[in-house]
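Chemist:
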Amino acid sequence: MRLFAHARKAVWSCSCFLCHSLNVILILLALGQGGLVLLNTFQQEVPIPDKFARWIVNTVVKDNYTADWSAVHVDLDGGLHLSNFVLTDARTEQIIITARESHVNFSLSHLLTTNLPLVQDIRARDLEVYLPVSHSPSGLNEPVLFIKNLSLYEDDGNLIIESLMIRSGGVSLHLTGSAPIHYLLPQGSGAGGGPQLFPALQRLSRYTEGHTAIAEVDWTLLPSRQHQFLIDAYMPLLQLERGSMQDLHALSEVLLSTNHVTVNRLQLSGGLIPPQDLPNLPIIGKLELPNAIPFHLRFSGDFYEQDRVRIPSWIELGINTRNSGIPIDYVNLTTDLSAEVAPVRWIVSAPLLFASGEAQSLSNQPILTNPGQPLSLDFRAHAYGLSINHFFPDLADHRMLRDTGIRLTRVNGTFLTESRSFEGHLLVDDLFISQTPFSHIHAKVSYADMDMAFTEIHASMAPGQYAEGAYLHNLKTSKFSLNAVGATFPYSLDNLLGRWWIGIFPDIYAPNPIPADVTVWGSWNDLSSIQHMTHAEGDGAFYMGVMVPDLEVRVRSNFNWAVVEKLEARFEDGAFSGTIAIQSGLEPTDAYRAMLLDLVSDARWESVVQASGIEQLEVLAFSNGNPFVSADGVMWRDSGKGHDVPMQAQFDFSLVQDKGTCEVVGLTIEGLTALGQLDGPILNLDSLAGNFAEGVFMGNIQFQNWDNPDTKQDSYNFQLFDAQYGSALYQLASLTEDPEKLRDYLLKSSGDGRLDLDFHLNLRPEETPNDGYGRVSIRQANLGRIHLLGGLSRVLDSMGLGFSSSDLNTLSLNWTLDDKILSVSNGTINGPLLNLSLAGDIDMETKQLSMLADLTLFRGVFSKVFSPVSENMQFDLGGTMDNPNWGMRINPLRWFQNRMGATKPVTQPGGAP
Amino acid sequence: MRYKLTVLLIILNAAIFSLIFYMDRVSSIREKFRASSRLILDPVFVQSLDKVSITSTSSDIQWELEKSPDGDWVITNPVNWKANPFAVKDLLFKLKELSWESRFPVSDLSQAGQSLESYNLADPPVSIELSSGPSTQVLALGAPTEIGNRLYTMSPDGEYIMVISQGVVEMLRGDLNTFKDRRIFGEEIDGSSVIQVQDRSASNVRVRLERAETGWNFVSPIAARADNERVKGLITEWQNMEAIDISSSLEPELEINGNALRLTFEGLNRRETLLLAPIPNEDGEEGYFKAKRDRYGAVFKVPNSVVEKLRRVQDELRERRVLHSFAENWTSLTVQFGEITTTIQQLESGAWQVLSTSRSGELDTQSADRASVEELNALMLEMEAVRFVSDAPSETDIRSFGLDAPQRTITLRTAAGESVEMLIGGISRESGETLLYASTNQSASVFLIRPHVLAGIPLNPLHYRNRTISTIPETAAITSIRIIERQDGSEAFPGDTTGMDALTERLRDYMTNVRVVRFLDQVFADPLQLDDTRTIDWPYEIVADVSYSTGTGDDSSTITLLLTERIGGTTQYIANPETGLTGTIPIDLIELLDPLFATFPEQPEPPAVPETEPAP
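Going down the list, the sequences are from chains A and B.
Residues 39 to 951 in our numbering are what the first sequence lists, from first letter to last.
Residues 141 to 756 in our numbering are what the second sequence lists, from first letter to last.
(1) Please classify Phe730/A as buried or exposed, where buried requires at least 16 neighbouring CB atoms within 10 angstroms.
(2) Cβ atoms of Tyr763/A and Asp790/A: under 9 Å apart, would you say?
(3) Pull the bridge partners of Ser425/A from the DSSP assignment, please.
(4) Quick check: is the beta carbon of Pro338/A nearer than 9 Å to any beta carbon in chain B?
(5) Whole alpha helix (DSSP H) runs in the region 562-614 of chain A with 4 or more residues, listed along the chain?
(6) Spatial neighbours of Ser360/B within its chain, please: CB distance less than 7 Å, with the 5 preceding and 5 following residues excluded, ordered by chain position.
(7) For Trp559/A, would you say it is in contact with chain B, using Cβ-to-Cβ distances shorter than 9 Å as the test?
(8) Exposed or buried, what is Phe430/A when buried is set at 16 or more other beta-carbons lying within 10 Å of its beta-carbon?
(9) Using a Cβ-Cβ cut-off of 8 Å (strictly less than) and excluding sequence neighbours within five positions of Ile564/B, which residues of its own chain qualify?
(10) Based on the DSSP output, what are the partners of Phe756/A in its beta bridges?
(11) So, are the CB atoms of Asp555/A and Thr704/B less than 9 Å apart?
(12) For the region 738-759 of chain A, which residues have a CB atom closer than 8 Å to at least one CB atom of chain B, in sequence order?
(13) Closest to Asp611/A by CA distance: which of Trp643/A, Tyr168/A, Leu424/A, Leu120/A is it?
(14) Give the interface partners of Phe157/B over in chain A, defined as CB-CB distance under 8 Å, in chain order.
(15) Taking any Cβ of chain B, which residues in the region 481-497 of chain A have a Cβ under 8 Å from it, in chain order?
(16) Please tell me whether Phe325/B has its Cβ less than 9 Å away from any Cβ of chain A.
(17) Establish whether the CB of Thr97/A and some CB of chain B are separated by less than 9 Å.
(18) When you compare each of Glu522/B, Glu488/B, Lys441/B, Ala511/B to Glu459/B by their alpha carbons, which one comes out closest?
(19) Measuring CA to CA, which of Leu701/B, Arg706/B, Ser198/B, Phe226/B is closest to Thr557/A?
(20) Between Asp285/A and chain B, is there a C-beta pair that is closer than 9 Å?
(21) Would you say Glu506/A lies against chain B (beta-carbon separation less than 9 Å)?
(22) Taking buried to mean at least 16 other C-beta atoms within 10 Å of its own C-beta, is Arg46/A buried or exposed?
(23) Can you grab the Cα-Cα spacing for the pair Glu396/A / Leu415/A, in whole Å?
(24) Is the Cβ of Asp649/B closer than 9 Å to any Cβ of chain A?
(25) Answer with yes or no whether the minimum CB distance from Cys52/A to chain B is below 9 Å.
(26) Hey, would you say Lys126/B sits closer than 9 Å to Asp270/A, going by beta carbons?
(27) Give the range of the beta strand (DSSP E) segment to which Val266/B is assigned.
(28) Can you find the residues in the same chain that come closer than 6 Å, C-beta to C-beta, to Val483/A, ignoring five residues on each side of it along the sequence?
(29) Roughly how many whole angstroms lie between the Cα atoms of Ile94/A and Gly117/A?
(30) Does the pairing of the region 505-513 of chain B with the region 526-540 of chain B give three or more beta-carbon distances under 8 Å?
(31) Taking Cβ positions, are Ser863/A and Thr894/A nearer each other than 9 Å?
(32) For Glu377/B, which residues in chain A fall below 8 Å Cβ to Cβ?
(33) Which whole-angstrom value describes the C-beta separation of Lys858/A and Met889/A, a residue pair presumed to lie in contact below a C-beta threshold of 8 Å?
(34) With distances taken from CA atoms, which of Thr574/B, Asn220/B, His464/B, Gly407/B is nearest Ser333/B?
(35) Grab the span of the alpha helix (DSSP H) containing Phe737/B for me, first residue to last.
(36) What are the start and end residues of the beta strand (DSSP E) that includes Phe333/A?
This is how it looks when you write it as structure tokens:
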């Protein structure tokens, strides 16, 4: 029992001890907690031993580093608050990280088992990550990364980054994301990531220096242990070596693995800043560009890998230039990096243009990485509605340029960047230039070594009008050659080629296009070097209304001359040919322009006359044989240099009609030959010869000042021998004012007889008296019958007693013209029974006749017998030429007077008997 | 009793511990940490925003932006239109970074004799309401500071007035229209595989293009190939197209009239449609179309010129290079007219030859000129239809187009045995046109081609044959060269070689390999008989002495070719009497030779200028 009692006492004592001990502990605990409450109340923080904090920090931070702080506090939840935390490299004592305020929630359970993570969440503000001196671009241990806010925690084995706001240089980044923590733990033992991080930070500091950007990044660590970043970035300005961009936005999805960086998606957009020092472009001039030109850049498609970076191989760059001041709507570039040597395909669209093509590398290198390499640029471009005013808006109005434009222009070909050469084709629809329409032009175009060539040109103006040829041009020397073979209507080119062309073909009309072969060559730098040659052949063309069945012209020109070196107009019964040279390249001091002619023709005279345009030649008409006409000489015309000189010429010309007849002013001439000269103001027709009215005529004509009606003076000299009187008179009647009257007379007479004429006439201007002289001789003609006894003679004639009437069959007279008075002298009219001596004047102005005729009856002895009678009789011819009056004058004493005073046989009209 | 003390102590400890726990909750260092932050908005909260409302007293318009289920931001007020994603993200980023520079409690205002009005925060000019699910925070932006370019703002909890920088405010005070995405489509139509244009003005015809592996094709109203670059250009143009004057009304009107169009892009899982209706042209300005996307309510304007292009898509997007796809690798090309055919074909050796049949049916084979073949190839590749005349021509049409008796039939064959045949018929019936009707056996369509095509494929086999009429081996060299006037045997060249160095060099080069620009149809004769009436003399001969280096020693010979005078601008004939081949020499040689033969008159002595009488 006692033993039991002792036991009970001992248990009681122990219990009491334990109870007291517990009470003491509880009291101490209560005191301790009370102290904490008091401290919290007064100080709001709980200082803990520095070693405890260092133990926690060192659990996180490796031995190579030293952590320090200005103050550390904990809360009862396991929160560790560090102020002015500094992490330094233990060896070099260089700062690695500083944090103004940081708060770490640690797990107390980590004290029991290290399998659980020590840190539950970390929040920090104003962190600075430093680069060691060995990696610092500035050589200083200075911060390169600023973390404004850091908030990350562990949740169900995952690291959650709530917010990580980073700034480096001008680049700010906000990152969120999550990852299973066990993915993040190092696989096996190894060095920490610090030293490997430094080069990345170094690059970061370089890239972000001077740049401003913001970015949203969403990070996920995938089960494949790849880090996935969804990046949405904005950069107000990015200046690169080759250009600048503003308002740059980037959308990207990046996967980071241990071996690769994979960019699944990448889109960039923003504004390209055009360079300020844009050169003055030809034609366009200085472009007024906006501050930025919108663009977008997209990567898609299969992956392309280089240097362990995989990006989508299909790249598309779009530049939206609409409203940018550049006359282009957009530019689109695409390329496929996965190809061995990827071409860059491009599209350019503008209100007036659509162009596409591709750039190929000629050195098997990617174009994007080495755009300066030799490239081959293939392209196809269509331009619509181009007008010269698009290029030269302030162009002065000019006929040659007015409304110049092209409805459609297409250029396709290949440009080689290294050689700066181009080869391709040009196509133009509906070109209107210099008031001349071309429906289509197609040409092969090439350019190399300053040589530009348009070859295989095919230009069509309208159905049947076309040209094929080439234009070659050396840009260095300006030497060129324009060649064209084709067919067109000459007038179609009037507006294009201008005055010199119109001057050559003013009156050519062709029912069909004329085939031609043209070359112009020389140097634009030296206009005097330019030469030209044209060969044209036309069937059935009309020249000044003359249909030329076969026309061939070859024209050659240089600075000094335009020469028609071959002119052949072939007709069915003759041809017109020769050369014409027109002087060009005149100096201002040159008063005259020479035109050399050497032309021959055996074509129909009508054609020659019509083609010559000399209306006066229409006075001649040839039949039954074309005349051979030649002209050789020089014509001097006003040079157009302001000297205003009259035309002059020196020509030899001839007209020969071997067979057939020539009609001229009603006269019919056979075998006409005329040789002449034109020498200045004097036109001589020498050696005029031919057969007229069965006779032979010769003569010459001279026209002085022939081109000036005011001073014109004509000189006619003709001799006609042994012409058939009736025929001659009949034809010469056409020269009179009333030819039919004379011809009626001829009808009454037999018209037999022969006529000789000698004719010299000088016609002068109005103020100057005309003069002339000549002789008329008619033989064996029936010139009429004279009735000596008037009506009685007719009665006697009717009774068969014809002695009182006499036929007249011979006439000869001399005439002179002095001013307006035609004087007849030594005129004799002879018949079998009588001779009439005629003298007197005819006033050519009033047509008044004043003539007196002496009569000699019979011949030989009978004449002497009847002389007292005949000599006492004279006849007056008065009145007008239209109404002549014959009067008989009887002077009984005249016979005696003649014997005594030896008076003239014929007295002047009106003279004293 | 002792237990009572223990129990009492336990209770006391528990009470103190609870007090400590409470105190820790209330003023823990974590809270201190949070309070020490200068960020006004929790970045996590901003990250999760699904609605932003901006109210400005200056405009009385509340802008509302909402995040759609697919993550895109959409403006829901004052207009229903897609938001500019970059502007929205820029705003959110700025909100995340928004931090105060200094602050003071609202509760202290009265003590300082201030009020909310002092900082324009009683009725703030701009306020932003940020919503993330049920959680909402409002940020009121008040008056600017007197100096320092800063701004007073109310903290979301209303406890502080904070001074912030102007950054985000400048954005919100500016033109809020920047939140409108100006691009009508943007990337939304990227990767489209169907384009459809429905034009009410054209009998509501529906033009539909579909992308196949080989490229884009028209499937409606006709089946035809499309020009891939131009289709790509159309997509790019609409991707870049910006909306003009986006309406600021939630219920704008869009009158669909008889000239309206509907443009649809279809992609893998997207279908984007744009309605377009013309509006009257005002004051002579460029006309506009009103437009509306079917998934948004906003109405905006699009330039007339762009829309009118849509009306012409059937014409403008059509592949005009009718032989382009066949002309890449042809090995045989036949030009035929009636019974006459000329074929250019490639031999297995890679060389080309010309086969021709005359009217009498005789077959002739000649080596082909490679340059001509290349030019022919380029012609086939680039040949374009000017326009398509009919896609379903009747028999009568075929006859009237001259395609029942074509003036040319061109057949292209590839090494794989594929072939295509093109017929060239008569000249266009349109007045003044020089175009030619044509068709291929690939479709029934009849189209017009330009006249140079016909000129580029003459029937004359001489056009394609090798144009070399005389050549010397590479080992040979020309030792001397001269031009002799045949009439008297005198040397026209190098009789006077002044300034003729270039000619010598060119002649030497030319005589090494004498190529003619074009062959003459006529058989060689001396003189050359051009036609029944005309002949051309050969007044000159070019004589070149050639030296051959052989293994046994030097050998020499003479090449003699005949030359006419210059017949025309580009025509001067050369002939090889031995072979009878006659053709024209190149223009550059013609021009070099020209000074030898051209003559111009001597300058005549001009007459004396007549003395002019002095003016009275």
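Ideal placement from N, C-alpha and C gives every residue a C-beta, glycine not left out.
Keep in mind it's a predicted model, so treat the numbers as computed, not measured.
Modeler: Per the coordinate set shown:
(1) buried
(2) yes
(3) Looking at the DSSP output, Ser425/A shares a beta bridge with Gly443/A.
(4) The residue you asked about is not Pro; residue 338/A is Ser in the sequence shown. The beta-carbon of Ser338/A is placed less than 9 Å from the nearest beta-carbon of chain B.
(5) When DSSP assignments are scanned along the region 562-614 of chain A, no uninterrupted stretch of alpha helix (DSSP H) that is 4 or more residues long falls wholly within it.
(6) Excluding sequence positions up to five before and after Ser360/B, its CB lies within less than 7 Å of the CB of Arg346, Val347, Arg348, all in the same chain and listed in chain order.
(7) Closer than 9 Å to some Cβ of chain B, the Cβ of Trp559/A qualifies, so yes.
(8) exposed
(9) Pro546, Gln547, Arg548, Thr549, Ile550, Leu576, Tyr577, Ala578, Ile589, Val593, Leu594
(10) Looking at the DSSP output, Phe756/A sits in a beta bridge with Gly737/A, Phe797/A.
(11) no
(12) none
(13) Trp643/A
(14) Gln71
(15) Lys482, Glu494, His496
(16) Judged by the 9 Å Cβ criterion, Phe325/B is not in contact with chain A.
(17) no
(18) Glu522/B
(19) Of the listed residues, the one whose Cα sits closest to Thr557/A is Arg706/B.
(20) yes
(21) yes
(22) exposed
(23) 6 Å
(24) no
(25) So, not an interface residue.
(26) Since the first and last residues shown for chain B are 141 and 756, residue 126/B lies out of range.
(27) 266-272
(28) Gly462, Leu464, Phe492
(29) Taking the straight line joining both Cα atoms gives about 11 Å.
(30) no
(31) no
(32) What Glu377/B touches in chain A: Asp367, Tyr368, Ser387.
(33) The Cβ separation is near 16 Å, so there is no contact.
(34) Nearest in C-alpha terms to Ser333/B, of all of Thr574/B, Asn220/B, His464/B, Gly407/B, is Gly407/B.
(35) 727-737
(36) 331-344
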